[in-house]
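All the letters of the sequence shown, read from the start, carry residue numbers 0 to 187 under numbering that gives the first Met the number 0. C-beta: ideal position from N, C-alpha, C; glycine also. These figures come from a predicted structure and were not determined experimentally.
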Amino acid sequence: MIRTRLGNSNDISGVLALQDKYLYSKLSEEERLSGFVTTPFTANQIEKILEQNGLVVALNESDTIIAYAFAASWKYFKQWEIFNFMVSRFPKLSFKGNDITTANSFQYGPVCIDENYRGKGLLNLIFEEMRVEFYKKYPISITFINRVNSISSRAHTQKLGWVIIDEFEFNGNTYIGLAFDMKNSVLK
C-alpha cells in the first residue's frame with residue numbers, strides 16, 4: 000500500500016538516495032528521456048525546507064521513499080540563481096488575471112518518482128498532499144521545467160492541469176514557466 004505524507008527529518012536519507020538515482024548529471028542521455036531532476040539538495044537544505052512543511056514523500060509497503068516533491072517560499076529558493084531570474088520575470092507575467100508576486104506564489108519542485116511507480120497516479124497524490132498544505136498561504140504555485148524534460152512537461156500540464164505562462168533561457172537551457180491555481184484539487 001502506497002501512502003503519502005508530509006516529510007520529516009527521518010526521510011532525508013531516502014530523499015537523497017532517490018535524488019541521486021535520477022539526478023541529471025548522473026544519467027546517460029538515454030536515461031534522461033524517462034525524466035530527471037536537476038537541482039541537487041543537500042541534507043541541510045532539506046532540513047530547512049522541512050521548516051516550511053515543504054517536503055512531501057510517498058512510501059511503499061516497505062517504507063521506502065519512492066517519490067518526493069519539494070515546495071517552499073521564494074525566500075528559501077533564492078539560494079539558487081535560476082529562481083532569482085524567475086522572480087525577476089514576474090512583473091511581465093500574470094495568471095488568470097492576477098499579477099504574480101513573491102507574496103501570492105511559491106515555488107513547487109522538484110518532484111521525483113521512482114521509475115517503477117510512474118504512470119500510476121502517484122504524481123497526483125503527492126501533489127495533492129502538497130497543495131492542501133500550501134493553499135493555506137498561497138493562491139498560486141509556480142514552477143519551471145527544462146524544455147527537454149518532455150515527460151515532466153506532459154505530466155504537469157496533462158495530469159495536473161498546470162498552465163504554461165512563460166518561456167526563458169538560462170545557462171544555455173530553455174525552460175518553460177508554469178502556474179497552477181491552488182484552489183483546484185488534482186484528485187478526480
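Between the alpha carbons of residue 110 and residue 143 lies a distance of about 11 Å. The alpha-carbon separation between residue 69 and residue 63 amounts to approximately 17 Å. Here residue 62 carries a coil assignment [DSSP, helix/strand/coil].
A direct Cα-Cα distance of roughly 32 Å separates residue 158 from residue 43. Just measuring C-alpha positions, the residue of 10, 116, 39 and 183 sitting nearest residue 108 is 39.
Burial is judged here by how many other beta carbons sit within 10 angstroms of a residue's own beta carbon; residue 163 has fewer than 16 and is exposed. Per DSSP, the continuous beta strand (DSSP E) segment holding residue 178 begins and ends at 172-180. Proximity to residue 8 across 19, 119 and 55 peaks at 55, based on C-alpha coordinates.
Residue 58 and residue 66 have their C-alpha atoms some 7 Å from each other.
In the structure shown, residue 146 adopts coil according to DSSP, grouped into three states. The alpha-carbon separation between residue 23 and residue 84 amounts to approximately 21 Å. Taking 8 Å as the cut-off, the Cβ atoms of residue 87 and residue 140 do not count as close. Residue 185 and residue 126 do touch by the CB rule: their CB atoms are close to 5 Å apart, below 8 Å. Approximately 11 Å separates the beta-carbon atoms of residue 175 and residue 168; this is outside 8 Å, ruling out the contact.
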